[in-house]
Amino acid sequence: MRVIDNTIASLGRRAAIEAQSGKNVDDYKNKLKELDREKEEILVKNSYPKDYLKIHYHCDICKDTGFVNTETCRCRKKLIIERKYSQSNISSLLKRENFRTFNTNLYSKNLYKDYPISPYENIIRVGKDAKNYVNNFGKVYKNLYIFGEVGRGKTFLINSIAKEILDRNYSVLYLTATKLFSFMNDYLYAFSEKKQDLQESYDLIFDSDLLIIDDLGSENDRNSNEANLFEIVNDRIINKKPIIFSSNYSEDEIMEVYGPRIYSRIIGSSDVMEIFGDDLRLLF
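Going by the UniProt record's numbering, the sequence shown wraps up at 284, each residue one higher than the last.
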């Protein structure tokens, strides 16, 4: 085996020299392939896998360095988020709230208020659209805006989407609007040393494969947060990084709350889904 390795190293050097001189090195390439096959045969004969001597990386994209050129690799982003989730209850929450446990039978099959279809028919349609969104994630860029009154199942639905996308090895950052803007203010007004500690979390708001902003419009002092919201939404739209919003506010109400500039960025880039019906919290 050592003799073969030495021969491979020698041939590799000679091939590199001749390639720089513009010479054809196909013979060298063929010989190197033969030597690789010889090594594999020796390993197999001695009950080792033929790729035993090759380095096996957890991430083939960055070779376990965490970076691709100067950019943070997806695997590193995912690990950072998983570490943050392990410090909260989000992991156990996603085990309880997912498409497998999403019970559409909780929604009434009778017509509700002035809607042309029942809450049950609507949630079947919304669930189908949500699953299509998951299946097309990473192929088709689109944001989601999910709205409805309190207790209609919006957060359960976005948790279901989040779990599916996480399971497909994408990085998903979930934040309530209140926590998002609280963090943004902490970062923006932090001293430089503290800001360095917050930098990775700040970057994830812009760089994660999916950002989920739950309960948009519930945050305090919305006027002071408008600039932050526009920056986040606009930056992610430009870089085709999807966002899922949930809110108690309808499309028209979002216009009233945040004004036309933010309204056009959110609604103009999103598929809009409404969940309606009775308050599900009253069933338990």
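Idealized CB from N, CA, C, for every residue including glycine.
- Beta-bridge partners of MET273 (DSSP): ILE146.
- Within the DSSP secondary-structure output, ILE213 pairs in a beta bridge with LEU175 and PHE245.
- When DSSP assignments are scanned along the segment 52-124, the uninterrupted stretches of alpha helix (DSSP H) that are 4 or more residues long and fall wholly within it turn out to be 74-86 and 90-96.
- A contact between stretches requires three or more CB pairs, one per stretch, nearer than 8 angstroms, and the segment 55-64 fails this requirement with the segment 145-162.
- Rounded to the nearest whole angstrom, the CA to CA distance from ILE243 to LEU111 is 31 angstroms.
- Short of 7 angstroms from the beta carbon of ILE266, and not among the five residues preceding or following it, lie these beta carbons of its own chain, in chain order: TYR145, VAL233, PHE245 and ILE254.
- Here GLU38 carries a helix assignment [DSSP, helix/strand/coil].
- The three-state secondary structure of ASP167, taken from DSSP, is helix.
- In chain order, PHE206 place their CB closer than 7 angstroms to the CB of ASP235, counting only its own chain and leaving out the 5 sequence neighbours on each side.
- Rounded to the nearest angstrom, the Cβ distance from PHE276 to TYR115 is 6 angstroms, consistent with a contact under 8 angstroms.
- A Cβ-Cβ distance of about 7 angstroms is found for the pair PHE102 and GLY127, placing them in contact under the 8 angstroms criterion.
- Of the residues assessed, LYS163 falls on the buried side of the cut-off, its CB having 16 or more other CB atoms within 10 angstroms.
- PHE181 carries a helical assignment under DSSP once its states are collapsed to helix, strand and coil.
- The beta carbon of ILE237 is closer than 7 angstroms to those of ARG265 and SER269 in its chain, skipping five residues each way along the sequence.
- In summary, TYR189 is exposed, with fewer than 16 beta-carbon neighbours lying within 10 Å of its beta-carbon over all protein chains present.
- In this structure ALA16 is exposed. Its beta-carbon is surrounded by fewer than 16 other beta-carbon atoms within 10 angstroms.
- DSSP, reduced to helix, strand and coil, places ARG236 within a helical segment of the structure shown.
- SER247 is the residue among SER247, ASN30 and GLY138 whose C-alpha sits nearest the C-alpha of ASP215.
- In terms of Cβ geometry, SER224 and THR178 do not form a close pair [threshold 8 angstroms].
- Considering only ALA19, ASP36 and LYS23, the residue with the shortest C-alpha distance to ASN6 is ASP36.
- A check of alpha carbon separations from ARG100 across ASN159, LYS195 and TYR174 identifies ASN159 as the nearest.
- Measuring C-alpha to C-alpha distances from GLY259 to each of LEU210, LEU93, LEU282 and PHE230 identifies PHE230 as the nearest.
- Counted as a single uninterrupted DSSP element, the stretch harbouring PHE137 is not any alpha helix (DSSP H), since DSSP gives it neither H nor E.
- Distance between GLY22 and GLU34, taken at the CA atoms: about 23 angstroms.
- Secondary structure at GLY22: coil, using DSSP grouped into helix, strand and coil.
- Across the set LYS31, THR70, ARG2 and ASN185, the C-alpha of ARG2 shows the shortest separation from the C-alpha of ILE42.
- Collapsing the DSSP output to three states places ASN30 in a helix.
- With 16 or more other Cβ atoms from the protein chains shown falling within 10 Å of its own Cβ, ASP209 counts as buried.
- In the three-state reduction of the DSSP assignment, SER264 falls in the helix class, which pools H, G and I.
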